[in-house]
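S.K.: Numbering (my numbering), first residue to last: 567 to 736. Every residue gets a Cβ at the ideal spot worked out from N, C-alpha and C, and that includes glycine.
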Amino acid sequence: MEVSMKNKLENGKFAVYPQLWEGRSPWMLYSLELHYDGTLKWKKRYFKEGKFSRAQVFESFDEAMDFSEDLNKNLDWSNYKKQYTKEYLDSLILKVEKAKACKKRLLSEEQMMLSEAIKRGKGDKYYHIDDSQFIEIPEGEFKEDFVKYLNDYPYVKIVALPRYSGVVVN
Numbered sequence: 567m568e569v570s571m572k573n574k575l576e577n578g579k580f581a582v583y584p585q586l587w588e589g590r591s592p593w594m595l596y597s598l599e600l601h602y603d604g605t606l607k608w609k610k611r612y613f614k615e616g617k618f619s620r621a622q623v624f625e626s627f628d629e630a631m632d633f634s635e636d637l638n639k640n641l642d643w644s645n646y647k648k649q650y651t652k653e654y655l656d657s658l659i660l661k662v663e664k665a666k667a668c669k670k671r672l673l674s675e676e677q678m679m680l681s682e683a684i685k686r687g688k689g690d691k692y693y694h695i696d697d698s699q700f701i702e703i704p705e706g707e708f709k710e711d712f713v714k715y716l717n718d719y720p721y722v723k724i725v726a727l728p729r730y731s732g733v734v735v736n
């Protein structure tokens with residue numbers, strides 16, 4: 567049985583932080599990776615699950631942050647002492663700490679902006695599940711989630727629903 571790398575940092579990856587998945591609501595983990603040219607870059611984090619690689623996603627920002635903070639605490643720099651000179655390793659540690667601080671600051675700013683946008687948009691419009699514009703969307707949990715999403719994020723202007731061959735324009 568193959569061990570999943572879901573709960574530990576792989577070699578060459580120095581930190582993880584969540585980022586809102588483009589066009590979707592879940593938060594996806596990104597890992598800070600060392601590239602061949604010596605630069606550090608944030609890349610989408612995947613883990614092996616059986617034959618497939620899967621993105622690591624979380625429904626809430628707090629859940630994703632808690633997970634990433636725990637994972638970041640467990641980085642063992644002693645593994646890299648054999649690979650790099652002391653000077654290079656010290657420089658790399660500083661770069662990683664700086665990148666983590668920048669990412670954390672950016673995330674908190676984005677979270678603050680998102681909260682403010684939601685707060686300002688509350689009350690602008692309120693959609694009810696029985697509104698005529700949602701008549702074509704099949705009943706069920708999806709429709710309830712969709713209407714709740716529009717009420718939570720009133721600034722969303724257009725939503726593509728390829729599964730139902732439709733587009734909703736707000």
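Does the contact criterion of 3 or more C-beta pairs under 8 Å hold for the segment 597 to 610 versus the segment 654 to 668?
M.R.: Result yes; three or more Cβ-Cβ pairs closer than 8 Å.
S.K.: May I ask you to verify whether the segment 579 to 599 touches the segment 632 to 651, counting CB pairs closer than 8 Å and requiring at least 3?
M.R.: These segments touch.
S.K.: Roughly how many whole angstroms lie between the Cα atoms of L586 and A683?
M.R.: Stepping through the sequence shown from its first residue, residue 586 is reached at position 20. Stepping through the sequence shown from its first residue, residue 683 is reached at position 117. Taking the straight line from one Cα to the other gives about 15 Å.
S.K.: Going by beta carbon distance, what residues of the same chain come within less than 7 Å of A621, once the five residues before and after it are set aside?
M.R.: Against the sequence shown, residue 621 aligns to sequence position 55. Only M594, K610 and Y612 meet the Cβ criterion.
S.K.: Which class does Q677 belong to by DSSP, given the choice of helix, strand or coil?
M.R.: Against the sequence shown, residue 677 aligns to sequence position 111. Residue state, collapsed to three classes: helix.
S.K.: I believe N638 touches K666 by the beta-carbon criterion, under 8 Å. Please report the beta-carbon distance rounded to the nearest angstrom.
M.R.: Start at 1 with the first residue of the sequence shown, and residue 638 comes out as number 72. Start at 1 with the first residue of the sequence shown, and residue 666 comes out as number 100. 7 Å between Cβ atoms; contact.
S.K.: In whole angstroms, what separates the C-alpha of K617 from that of G578?
M.R.: Numbered from its first residue, the sequence shown carries residue 617 at position 51. Numbered from its first residue, the sequence shown carries residue 578 at position 12. Those two C-alpha atoms are separated by around 22 Å.
S.K.: Is S597 helix, strand or coil by DSSP?
M.R.: Position 31 of the sequence shown, counted from the start, is the residue given in the question as residue 597. Three-state result, S597: strand.
S.K.: With a cut-off of 8 Å on the beta carbons, I'd call G687 and Y721 a contact; round off their distance for me.
M.R.: Taking the sequence shown and counting its residues from 1, one reaches residue 687 at position 121. Taking the sequence shown and counting its residues from 1, one reaches residue 721 at position 155. Sure, about 5 Å apart at Cβ, within 8 Å.
S.K.: Answer yes or no: do L655 and K647 have a C-beta to C-beta separation smaller than 8 Å?
M.R.: Taking the sequence shown and counting its residues from 1, one reaches residue 655 at position 89. Taking the sequence shown and counting its residues from 1, one reaches residue 647 at position 81. Contact: yes.
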